[in-house]
Amino acid sequence: MPAHIAGTLHATPAPVWLPYPDDVNALLPSLWSDNVTKTDDGVLTIAGHSVTDLAERYGTPTLVMDVADFRSRAEAYLSTFSNAFSVEKGLAGADVFYAGKAFLCTAVARWVHEAGLGLDTCSLGEMMIARAAGVPGDRVGLHGNSKSTAELEYALDYGVARIFVDSLDEVARLESIAAARGTVAPVMLRVT
1 MPAHIAGTLH ATPAPVWLPY PDDVNALLPS LWSDNVTKTD DGVLTIAGHS
51 VTDLAERYGT PTLVMDVADF RSRAEAYLST FSNAFSVEKG LAGADVFYAG
101 KAFLCTAVAR WVHEAGLGLD TCSLGEMMIA RAAGVPGDRV GLHGNSKSTA
151 ELEYALDYGV ARIFVDSLDE VARLESIAAA RGTVAPVMLR VT
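So the sequence shown is numbered by full-length UniProt numbering: it starts at 1 and just counts up by one.
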């Protein structure tokens with residue numbers, strides 16, 4: 001996107017796809033969960049819970065996640081991709097993975113697994129969270145650059161579905177670790 005000739009202060013304040021609202025206090029459906037509303041006096045509510053009440057009860061900052069919205073979106077992604085790449089259409093099907101880097105705790109990992117999604121992790125800690133939440137290794141992927149030997153070993157021991165390899169050095173290290181364990185590493189190559 002080219003810069004404004006008079007400088008960035010004169011550029012359009014929002015992306016083209018995001019229209020400037022008639023009411024700047026309106027909740028844009030494309031940005032907010034279906035379960036987020038505002039009361040007549042302007043207080044934001046999430047799944048029926050006032051954010052002011054949540055702040056009073058838990059302090060700030062507080063992370064609030066709407067499990068119903070999470071599950072609804074997970075189902076929409078799974079359904080859309082499963083239909084688009086179905087075996088009935090002569091395709092191989094689709095695996096939909098939640099990106100743990102968006103936010104991951106044991107509750108979210110359980111929601112992901114219960115929704116039928118795979119879990120994309122990028123660290124030893126994220127794999128440990130997945131395992132603690134009961135997510136089977138074959139529903140977990142490991143990616144990320146500069147993976148440690150400990151992460152690669154844990155991924156193999158956990159039985160992750162795929163290790164996304166992104167360097168020649170990592171290929172050699174993973175090959176050595178897998179050979180020492182008498183196993184074959186399930187890899188996908190990421191070329192950048």
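Every residue, glycine too, gets a C-beta built ideally from N, C-alpha and C.
The model shown is predicted, which means the values in this text are computed figures rather than measured ones.
_contact_flag[the segment 105-119, the segment 67-77] where n(CB pairs < 8 Å) is 3 or more_ = yes
*asked:* Given this structure, state the Cα-to-Cα distance separating V36 from N25, to the nearest angstrom.
replied: 13 Å
_If distances are taken between C-alpha atoms only, which option among H143, L117, T149 and S148 comes closest to V135?_
L117
_Just verifying my parser: in three-state terms, what is the DSSP assignment at M188?_
strand
_Let's test the definition: count the other Cβ atoms within 10 Å of the Cβ of K147 and tell me whether it reaches 16, buried, or not, exposed._
buried
*Which two residues bound the contiguous alpha helix (DSSP H) that contains D120?*
Looking at the DSSP string, D120 is not in any alpha helix (DSSP H); the run it does join, the beta strand (DSSP E), is G118 to T121.
*Could you spell out the range, first to last residue, of the alpha helix (DSSP H) harbouring G125?*
L124 to A132
_Own chain, CB closer than 6 Å to G188, minus 5 neighbours either side, in chain order_ = Note that residue 188 is Met in the sequence shown, not Gly. The residues are R162 and F164.
*Does DSSP put G141 in a helix, a strand or coil?*
strand
_Which of the three DSSP states is assigned to residue 212 in this structure?_
No information on residue 212 is available, as it lies outside the stretch 1 to 192 that the chain covers here.
*asked:* Quick check: L156 and E126, are their CB atoms within less than 9 Å of each other?
replied: no
_Contact check, F85 vs L119, beta carbons under 9 Å_ = no
_Simplified DSSP assignment, three categories, for Y20_ = coil
*Identify every residue that forms a DSSP beta bridge with S50.*
T45
*Closest residue to A185 among L168, H49 and L152 (Cα-Cα distance)*: L152
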